[in-house]
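Residue numbers (the numbering used here), protein chains in the order written: chain Z, 1 to 113; chain G, 1001 to 1114.
What follows is a set of notes on a single structure, which appears directly below.
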Amino acid sequence: AQTVTQSQPEMSVQEAETVTLSCTYDTSESDYYLFWYKQPPSRQMILVIRQEAYKQQNATENRFSVNFQKAAKSFSLKISDSQLGDAAMYFCAYRSAFGDMRFGAGTRLTVKP
Amino acid sequence: ETGVTQTPRHLVMGMTNKKSLKCEQHLGHNAMYWYKQSAKKPLELMFVYSLEERVENNSVPSRFSPECPNSSHLFLHLHTLQPEDSALYLCASSQVDRLNTEAFFGQGTRLTVV
């Protein structure tokens, strides 16, 4: 079974600074997708960014970008120019060819003004 | 609003009660999921229904009983729960044959077992 590991239970960043959240996963599959979700206090899970495993180019969505290292099975999220609204739980997720998604334990991000 | 609606938003039930959680998606997806989120554990996948058939049951206790009458609706029937079952229960849906699409989540049901 695939496992997703987020080794940082909590992270803190100063407003306007950059922070990187780490994620590693374990799989024997070659075709899969990776996602970062954000869960603010409202509890609504929101997709932040996605990465196809077959693409070498790292995905970017405005201030959010990933560092995808397939050989190392690493998928970190970088948030640039952090804003107060970025404060939330961030979950890394792995989606297999069978469609079900596995999540990491989450990282709670605090943004300091 | 993500197109996935869960009801109720909050539920308090006694250990001898029987209740049901409801999830409805308006996205035309063909897979639906139940996740449990508690303070002590990460998001735990409980059940997966793909094309209305259960494809995975991660050794969830029988006091949780899922039902998927059609591709748009998913229920989680609860009976004789324990206090440790108190958690946030999240429903999600996705298009199983389109891997590049994400799962869409409802806002969850906050369950408290007393």
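Even for Gly, the Cβ is constructed at its ideal location relative to N, Cα and C.
Rounded to whole angstroms, how far is the Cβ of residue i from the Cβ of residue j, which I believe are closer than 8 Å?
{"i": "residue 93 of chain Z", "j": "residue 109 of chain Z", "result": "Not quite, the Cβ-Cβ distance comes to about 16 Å (not below 8 Å), so this is no contact."}
{"i": "residue 1032 of chain G", "j": "residue 1074 of chain G", "result": "4 Å"}
{"i": "residue 1015 of chain G", "j": "residue 1081 of chain G", "result": "6 Å"}
{"i": "residue 1093 of chain G", "j": "residue 1027 of chain G", "result": "6 Å"}
{"i": "residue 29 of chain Z", "j": "residue 74 of chain Z", "result": "The Cβ separation is near 16 Å, so there is no contact."}
{"i": "residue 1114 of chain G", "j": "residue 1004 of chain G", "result": "Rounded, the Cβ-Cβ distance is 28 Å, inconsistent with contact."}
{"i": "residue 1008 of chain G", "j": "residue 1109 of chain G", "result": "6 Å"}
Which partner residues does residue i have in the DSSP bridge list?
{"i": "residue 1089 of chain G", "result": "G/1036 and G/1109"}
{"i": "residue 14 of chain Z", "result": "Z/112"}
{"i": "residue 4 of chain Z", "result": "Z/25"}
{"i": "residue 102 of chain Z", "result": "Z/94"}
{"i": "residue 1006 of chain G", "result": "G/1023"}
{"i": "residue 107 of chain Z", "result": "Z/90"}
Are residue i and residue j touching if we call contact CB-CB under 7 Å?
{"i": "residue 22 of chain Z", "j": "residue 7 of chain Z", "result": "yes"}
{"i": "residue 1088 of chain G", "j": "residue 1037 of chain G", "result": "yes"}
{"i": "residue 43 of chain Z", "j": "residue 1107 of chain G", "result": "yes"}
{"i": "residue 104 of chain Z", "j": "residue 5 of chain Z", "result": "yes"}
{"i": "residue 1052 of chain G", "j": "residue 1068 of chain G", "result": "yes"}
{"i": "residue 1156 of chain G", "j": "residue 1066 of chain G", "result": "Because chain G in this structure spans residues 1001 to 1114, residue 1156 of chain G falls outside the shown range and cannot be described."}
{"i": "residue 84 of chain Z", "j": "residue 36 of chain Z", "result": "no"}
{"i": "residue 59 of chain Z", "j": "residue 32 of chain Z", "result": "no"}
{"i": "residue 1029 of chain G", "j": "residue 1095 of chain G", "result": "yes"}
{"i": "residue 66 of chain Z", "j": "residue 49 of chain Z", "result": "yes"}
{"i": "residue 112 of chain Z", "j": "residue 39 of chain Z", "result": "no"}
{"i": "residue 1046 of chain G", "j": "residue 1060 of chain G", "result": "yes"}
{"i": "residue 63 of chain Z", "j": "residue 81 of chain Z", "result": "yes"}
{"i": "residue 57 of chain Z", "j": "residue 34 of chain Z", "result": "no"}
{"i": "residue 1078 of chain G", "j": "residue 1019 of chain G", "result": "yes"}
{"i": "residue 89 of chain Z", "j": "residue 1105 of chain G", "result": "no"}
### Message
Extract the residue ranges of the beta strand (DSSP E) inside the region 1011–1036 of chain G, only unbroken runs of 3 or more that lie entirely within it.
### Response
Those beta strand (DSSP E) runs which fall completely within the region 1011–1036 of chain G and span 3+ residues are 1018–1025.
### Message
What are the residues in the region 31–49 of chain Z lying within 9 Å of chain G by C-beta distance?
### Response
The residues in question are 31, 32, 33, 35, 37, 39, 42, 43, 44, 45, 46 and 47.
### Task
Could you name each continuous beta strand (DSSP E) segment of 3 residues or more that falls completely within the region 1040–1084 of chain G, going from the start of the chain to the end?
Scanning the region 1040–1084 of chain G for uninterrupted beta strand (DSSP E) segments of 3 residues or longer gives 1044–1050, 1053–1057, 1064–1070 and 1073–1079, listed from N- to C-terminal end.
### Query
Unbroken beta strand (DSSP E) runs of length 3 or more, entirely within the region 19–96 of chain Z: which are they?
Contiguous beta strand (DSSP E) elements confined to the region 19–96 of chain Z occur at 19–21, 24–26, 33–39, 46–52, 64–69, 74–79 and 88–95, taking only those with 3 or more residues.
#### Entry: Near-chain G residues of the region 69–95 of chain Z (beta-carbon distance less than 7 Å), N- to C-terminal order
Among the residues of the region 69–95 of chain Z, those with a Cβ less than 7 Å away from any Cβ of chain G are 91 and 95, in the order of the chain.
### Query
Closer than 7 Å, Cβ to any Cβ of chain Z: which residues of the region 1095–1114 of chain G, in chain order?
Look at the region 1095–1114 of chain G: the residues with a C-beta under 7 Å from a C-beta of chain Z are 1096, 1099, 1100, 1102, 1103, 1105, 1107 and 1108.
### Query
Between the region 1074–1088 of chain G and chain Z, which residues of the former have CB atoms less than 7 Å from a CB of the latter, in chain order?
Listed by position, the residues of the region 1074–1088 of chain G near chain Z (Cβ gap below 7 Å) are 1088.
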